[in-house]
Structures are given as C-alpha cells and as structure tokens.
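J.:
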Amino acid sequence: QSAVTQPASVSGSLGQSITISCTGTSSDVGYYNYVSWYQHHPGKAPKLLISDVSNRPSGVSSRFSGSKSGRTASLTISGLQPEDEADYYCSSYTSSSTLVFGTGTKVTV
Amino acid sequence: EVQLVESGGGVVQPGGSLRLSCAASGFTFGAFAMHWVRQAPGKGLEWVALISGDGEDTKYADFVKGRFTISRDRITDSLFLHINNLRAEDTALYFCAKDSGDYGDYVCDSWGQGTLVTVSA
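Protein sequences, first through last, are from chains E and B. Be aware that the first sequence starts at -19, since it is given in the working numbering, and climbs by one per residue. Be aware that the second sequence starts at 160, since it is given in the working numbering, and climbs by one per residue.
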C-alpha cells in the first residue's frame, strides 16, 4: 500500500495555531475526499476529529478544522491547549478499497 | 454510549495462532461495518481489515497475505480477528473500531483501547 506522509513532529505555544500536513498520492488523498483525522493520547482509545476532509463530528471542538488541496490534506488546531498534546493521524480511503493511515505527527504544546 | 472492549491478546510463539475478540455495545451492531487497526510498539497506526455490517464483505491490507481473517457474530455482538502463522512483526496493540456506515465509510468513529499481542519465542 502507498505511504501517506506526515511531519514527525509539530510544536506550538499555548493559544497559537498549528497545521499538520498529510501528503498522499493520486490513488488516495489526491483522488478521494475521504480523509479523516484522529487524535491519540497513548494508552487511550484514538478519537475521531474530522471526517470527509472537513466534517467535524458533534462533540469535537471547533478549534479543529480540516482542508485539502490536491494530494495534501491538512489539520489545523487553533488556540492550542495543553490537552492537545498528543499524536495525530490522518487516514484516507484508497483505490484498492482499503484504508491507509498517515505516518503520524506528535504535537507538543 | 458506544463501547468496544478487545480481548484475546497475549504472548504467542512464532508460527502460532490467535483469535482476538471485540465485544460491542451501545449501538445496533449489525448496522455498522467494523475495522481492526494495529499499532506496533513505537510506531503509528496501521489498518488491518474491514467487515461489512452484514458480514458478507471483507477487505484486508496488503500485508495480511491470507494470514488474517476478520469475522463477526451478530448474535453476541462480537467482532473477531483470527491470525495464523504469527510473526515477530505482528507484535502490536490491536484496536477494534466502529465504522460510521454499514458497508464501510472508512471512517472509524469509535475505538476500543486495544489488546496487546506479543510474538516471541
């Protein structure tokens, strides 16, 4: 399966905004608007933040937003809070009818 | 409230087999597709397999190569993953996750906390 790449780490200060990129290929991120984002605090269950590029499920803070341009999707976290320190993963549906996760990004506040 | 509780992990010798289970509650189990996702120590999330709500359709990651079988039981609201010929690289925390649709929207909207599989002699 193709690799979907994310930066290994991103850091920001309290209250700042950061953006995490998710770069795929024309067989996944670049072709389908089926990109999701997950937050994972180690030792806990991962949590869905964004689906279908920019759809935020009920209960997810409006500080999280998603977008996509070409083969790159992005997650923006605005007004960084201490609890945002976690690992973040994108995922995309693929042309093989499978799911591929990004390599993951550790966010440090 | 959706609850997913995995079990069945443990220490297994290379070449051995294992059946992981996921007990689901808080939603109409048969109306949603389900996934298995794994995370090797110090690594990222890796998608393993999907099964449709009616159990008729399954999809697998390329690395599975016939060693993994996903299944479900609508009577006991349980999801399973059978793994044969276990290898060291299968050592991971295995999560079950609920899909947002019946045939697979490929959105994992609820997750369990995982069960750890360690393959070691």
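We put the CB at the ideal spot given by N, CA and C, even for glycine.
Taking the alpha carbon of E/SER31 as the point to measure from, which residue in B/ALA192, B/PHE254, B/CYS267 and B/PHE191 has its own alpha carbon closest?
T.: Here residue 31 of chain E refers to the residue found at position 51 when the first sequence is read from its first residue. Of the listed residues, the one whose Cα sits closest to E/SER31 is B/CYS267.
J.: Quick check on the DSSP output: the beta strand (DSSP E) that includes B/TYR165 runs from which residue to which?
T.: Counting from one through the second sequence, the residue named residue 165 of chain B turns up at place 6. The question names Tyr, but residue 165 of chain B in the sequence shown is Glu. 162 to 166 is the extent of the beta strand (DSSP E) around B/GLU165.
J.: Can you round the beta-carbon distance between B/ALA208 and B/PHE222 to whole angstroms, since I take them to be within the 8 angstroms contact cut?
T.: If you number the second sequence from 1, residue 208 of chain B lands on position 49. If you number the second sequence from 1, residue 222 of chain B lands on position 63. Incorrect: roughly 11 angstroms between the Cβ atoms, too far for contact.
J.: Applying a beta-carbon distance threshold of less than 8 angstroms, which residues of chain E neighbour B/GLU248?
T.: As a working note, residue 248 of chain B is residue 89 in the second sequence. Going along chain E, no residue has its Cβ under 8 angstroms from B/GLU248, so there is no contact; the nearest lies around 15 angstroms.
J.: Does any residue of chain B have a CB that is nearer than 9 angstroms to the CB of E/PRO26?
T.: As a working note, residue 26 of chain E is residue 46 in the first sequence. True, the Cβ-Cβ gap to chain B drops below 9 angstroms.
J.: What are the residues of the region 245 to 269 of chain B that lie near chain E, defined by any Cβ-Cβ distance shorter than 9 angstroms?
T.: Cβ contacts with chain E come from PHE254, ALA256, SER259, GLY263, ASP264, TYR265, VAL266, CYS267, ASP268 and SER269.
J.: Is the beta carbon of E/LEU28 sitting closer than 9 angstroms to the one on E/GLY46?
T.: The residue you call residue 28 of chain E lines up with position 48 of the first sequence. The residue you call residue 46 of chain E lines up with position 66 of the first sequence. No, the Cβ-Cβ distance between E/LEU28 and E/GLY46 is not below 9 angstroms.
J.: Over the uninterrupted beta strand (DSSP E) stretch that includes E/PHE81, give me the two end residues.
T.: Looking up residue 81 of chain E in the first sequence gives position 101. Residues 79 to 81.
J.: Cα separation between B/SER176 and B/LEU252?
T.: What you label residue 176 of chain B is simply residue 17 of the second sequence in a count that begins at 1. What you label residue 252 of chain B is simply residue 93 of the second sequence in a count that begins at 1. Taking the straight line joining both Cα atoms gives about 16 angstroms.
J.: Give me the DSSP bridge partner(s) of B/TYR219.
T.: Along the second sequence, one-based indexing puts residue 219 of chain B at 60. DSSP lists B/ALA208 as partners of B/TYR219.
J.: Any beta carbon of chain B sitting closer than 9 angstroms to that of E/PHE81?
T.: Numbered from 1 along the first sequence, position 101 holds the residue referred to as residue 81 of chain E. By this cut-off, E/PHE81 is an interface position.
J.: Is it a yes or a no for the region 163 to 174 of chain B touching the region 196 to 203 of chain B, going by three-plus beta-carbon pairs under 8 angstroms?
T.: The region 163 to 174 of chain B, when compared against the region 196 to 203 of chain B, does not touch it at the 8 angstroms Cβ threshold.
J.: Drop a sphere of 10 angstroms on the beta-carbon of B/THR274, count the other beta-carbons inside from all chains shown, and report buried for 16 or more, exposed for fewer.
T.: By 1-based counting over the second sequence, the position of residue 274 of chain B is 115. It counts as buried.
J.: To the nearest angstrom, how far is the alpha carbon of E/TYR69 from that of B/SER269?
T.: For the purposes of this step, residue 69 of chain E is taken as the residue at position 89 of the first sequence. For the purposes of this step, residue 269 of chain B is taken as the residue at position 110 of the second sequence. Rounded to the nearest angstrom, the two C-alpha atoms are 15 angstroms apart.
J.: Identify every residue that forms a DSSP beta bridge with E/THR88.
T.: In the first sequence, residue 88 of chain E corresponds to position 108, counting from 1. Answer is E/SER(-9).
J.: Near B/ALA192, which residues of its chain fall below 7 angstroms by C-beta distance, leaving aside the five closest residues on each side in sequence?
T.: Here residue 192 of chain B refers to the residue found at position 33 of the second sequence. Here the set comprises LEU209, ILE210, SER211, GLY212, ASP258, GLY260, ASP261, TYR262 and GLY263.
J.: CB E/VAL80 to CB B/TRP206, shorter than 9 angstroms?
T.: Residue 80 of chain E sits at position 100 when you count from the first residue of the first sequence. Residue 206 of chain B sits at position 47 when you count from the first residue of the second sequence. Yes, Cβ-Cβ distance for E/VAL80 and B/TRP206 is below 9 angstroms.
J.: Using 9 angstroms as the limit for Cβ to Cβ distance, is B/ASP221 near chain E?
T.: For the purposes of this step, residue 221 of chain B is taken as the residue at position 62 of the second sequence. Closer than 9 angstroms: yes.
J.: Under 8 angstroms by Cβ, that's how I've got B/ASP249 and B/ILE242 pegged, so tell me the actual separation to the nearest angstrom.
T.: In the second sequence, residue 249 of chain B corresponds to position 90, counting from 1. In the second sequence, residue 242 of chain B corresponds to position 83, counting from 1. The pair is a contact, with the Cβ atoms about 6 angstroms apart (cut-off 8 angstroms).
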